[in-house]
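> Take a look at the following structure, please.
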Amino acid sequence: MQAQAFVDAVPLPCLLVDQTDRIYAVNSGALDLLGQGLLGSNYATMLRAPALLDALETCLQDKRPKVAEYFSTEGGQDITYRVSCRFIEPVDAKRDAGGVLVAFEDITHVAQAGQMRRDFVANVSHELRTPLTALMGFIETLRGPAKDDGAVHDRFLGIMESEAQRMNRLVGDLLSLSHVETEERVRPTQKVLLTDILNSTLNSLRPVVDEAAVTLEAAFCDEPIYLNADSDQIRQVLTNLVENAVKYGGSGARVTVKLSYVARDPSLRMTAARLQVIDYGAGIDPIHLPRLTERFYRADSHRSRELGGTGLGLAIVKHIINRHRGRMQIESELGQGSVFTVILPCIPLPNAE
Numbered sequence: 227m228q229a230q231a232f233v234d235a236v237p238l239p240c241l242l243v244d245q246t247d248r249i250y251a252v253n254s255g256a257l258d259l260l261g262q263g264l265l266g267s268n269y270a271t272m273l274r275a276p277a278l279l280d281a282l283e284t285c286l287q288d289k290r291p292k293v294a295e296y297f298s299t300e301g302g303q304d305i306t307y308r309v310s311c312r313f314i315e316p317v318d319a320k321r322d323a324g325g326v327l328v329a330f331e332d333i334t335h336v337a338q339a340g341q342m343r344r345d346f347v348a349n350v351s352h353e354l355r356t357p358l359t360a361l362m363g364f365i366e367t368l369r370g371p372a373k374d375d376g377a378v379h380d381r382f383l384g385i386m387e388s389e390a391q392r393m394n395r396l397v398g399d400l401l402s403l404s405h406v407e408t409e410e411r412v413r414p415t416q417k418v419l420l421t422d423i424l425n426s427t428l429n430s431l432r433p434v435v436d437e438a439a440v441t442l443e444a445a446f447c448d449e450p451i452y453l454n455a456d457s458d459q460i461r462q463v464l465t466n467l468v469e470n471a472v473k474y475g476g477s478g479a480r481v482t483v484k485l486s487y488v489a490r491d492p493s494l495r496m497t498a499a500r501l502q503v504i505d506y507g508a509g510i511d512p513i514h515l516p517r518l519t520e521r522f523y524r525a526d527s528h529r530s531r532e533l534g535g536t537g538l539g540l541a542i543v544k545h546i547i548n549r550h551r552g553r554m555q556i557e558s559e560l561g562q563g564s565v566f567t568v569i570l571p572c573i574p575l576p577n578a579e
């Protein structure tokens, strides 16, 4: 009875195994994880995980703490547990021989974070390796067979400059991503007039828009919309979205930027500024939409690299919007263009009801 009360008090799935290899106490969390019929069974027939069985057996023998991993699946998702085995000395040696407490701690988030870091390092390495390999090849050629060929020099130096600029953009976006991630939990407190930021940003983007022969339309509401924000980061969001619309949706020859005031946005449950960047180009296959804000994810990786994309722009945008406690929605269909909507909490208008 004492053993059962003990495992019931543990907030993790856990069970007790005695020196005869029998499970003599188990809580509800362990029953949900491992199934019914545990009580009184031999642990080796119920657990069936070689690493865990080895740890438990060794702990029973030498009475020293052991740790193992246990893997399960729930709702189609892989779950990783860190399993701690600790020997418990008997309270009454005449009635109890002691046993091992086996506790299951869900560390899936830790495992996923580790995998994300490994993927990130692999992606950065891949993104840098391509231009570096090209640069090394061109340098070797310029030092060797093309040493005295002026025409080849000029052509290769142009390509090398392009590859160096690509690496510079990647490093810049990596630094920017690191910066916005560091500040993501710090809520901005600067009161800014959103229309002023948008107008100045669109003016600075005019050369990019003109070069692409795209018509940029601005449709802003008449109300003065104020919000607590980092003005530089809001500029970064609009710059990224408009440049993407020009690059990837420019085949529609038109990009529209809309700003409206919402007295109560259902997603934020408060007053909000709704900023939309709309293009009328080829659109994006809906299958890609849920992953567009992932680091280095590209719907069309070849085209993105050709246009100078690093694969980090929308990830940066997502973190900036998170910092401002906002939301982003992406709508697109092939052949129908794309709509990127940014919803940011704003200061209610004085005459708002």
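In terms of my numbering, the sequence shown opens at residue 227 and continues consecutively.
Glycine residues also receive a C-beta, built at the ideal position from the N, C-alpha and C atoms.
I need the DSSP call for Gly398, collapsed to helix, strand or coil.
Along the sequence shown, read from residue 1 onward, the residue named residue 398 stands at position 172. Residue state, collapsed to three classes: helix.
> Whole angstroms is fine: what's the gap from Ala644's alpha carbon to Ala479's?
There is no way to answer for residue 644, as the model of the chain reaches only from 227 to 579.
> Assign Glu295 to one of three DSSP states: helix, strand, or coil.
For the purposes of this step, residue 295 is taken as the residue at position 69 of the sequence shown. Residue state, collapsed to three classes: strand.
> State the DSSP-derived secondary structure class of Leu282, mapped to helix, strand or coil.
Locating residue 282 in the sequence shown gives position 56, where the first residue counts as 1. Looking at Leu282 - three-state DSSP - the assignment turns out to be helix.
> I'd like to know if Asp399 contacts chain D, where contact means its C-beta is closer than 8 Å to some C-beta of that chain.
Any reference to chain D falls outside this structure, which holds one protein chain only.
> Using 8 Å as the threshold, is the C-beta distance between Thr482 and Val488 below it?
Here the question's residue 482 lines up with position 256 in the sequence shown. Here the question's residue 488 lines up with position 262 in the sequence shown. Going by C-beta atoms, Thr482 is not nearer than 8 Å to Val488.
> Pick from Gly261, Gly563, Ala231: whose alpha carbon is nearest that of Ala251?
Here residue 251 corresponds to residue number 25 of the sequence shown, with the count starting at 1. Of the listed residues, the one whose Cα sits closest to Ala251 is Ala231.
> Are at least three pairs of beta-carbons, each pair with one atom in the region 443-453 and one in the region 389-398, less than 8 Å apart?
The answer is no - the region 389-398 does not touch the region 443-453, with fewer than three Cβ pairs under 8 Å.
> Quickly, what does DSSP pair Thr306 with across the bridge? List them, please.
For the purposes of this step, residue 306 is identified with residue 80 of the sequence shown, where counting begins at 1. Phe297, per the DSSP bridge assignment.
> Please state whether DSSP places Ala390 in a helix, a strand or coil.
Taking the sequence shown and counting its residues from 1, one reaches residue 390 at position 164. Reduced to three states, the DSSP call for Ala390 is helix.
> Figure out for me which residue from Asp456, Thr427, Asp448 has the closest Cα to the Cα of Leu442.
By 1-based counting over the sequence shown, the position of residue 442 is 216. For Leu442, the nearest C-alpha among the options comes from Thr427.
> Which class does Phe364 belong to by DSSP, given the choice of helix, strand or coil?
Along the sequence shown, one-based indexing puts residue 364 at 138. Phe364: helix per DSSP, three-state reduction.
> DSSP three-state label for Leu575, please.
Residue mapping note: residue 575 aligns to position 349 of the sequence shown, counting from 1. Coil at Leu575, not helix or strand.
> Check this for me: beta carbons of Leu580 and Pro239, under 8 Å apart or not?
One cannot answer for residue 580 here, as it falls past the ends of the chain, which runs 227 to 579.
> What's the gap between the Cα of Lys292 and the Cα of Gly301?
Stepping through the sequence shown from its first residue, residue 292 is reached at position 66. Stepping through the sequence shown from its first residue, residue 301 is reached at position 75. The straight-line gap from Cα to Cα measures roughly 29 Å.
> By Cβ distance below 7 Å, which residues in the same chain neighbour Leu494 in space, the five residues on each side in sequence not counted?
Numbered from 1 along the sequence shown, position 268 holds the residue referred to as residue 494. Arg553, Ile569, Pro571, listed in sequence order.
> Measure the alpha-carbon distance for Leu575 versus Leu464 and round it to whole angstroms.
Along the sequence shown, read from residue 1 onward, the residue named residue 575 stands at position 349. Along the sequence shown, read from residue 1 onward, the residue named residue 464 stands at position 238. Approximately 23 Å between the Cα atoms of the pair.
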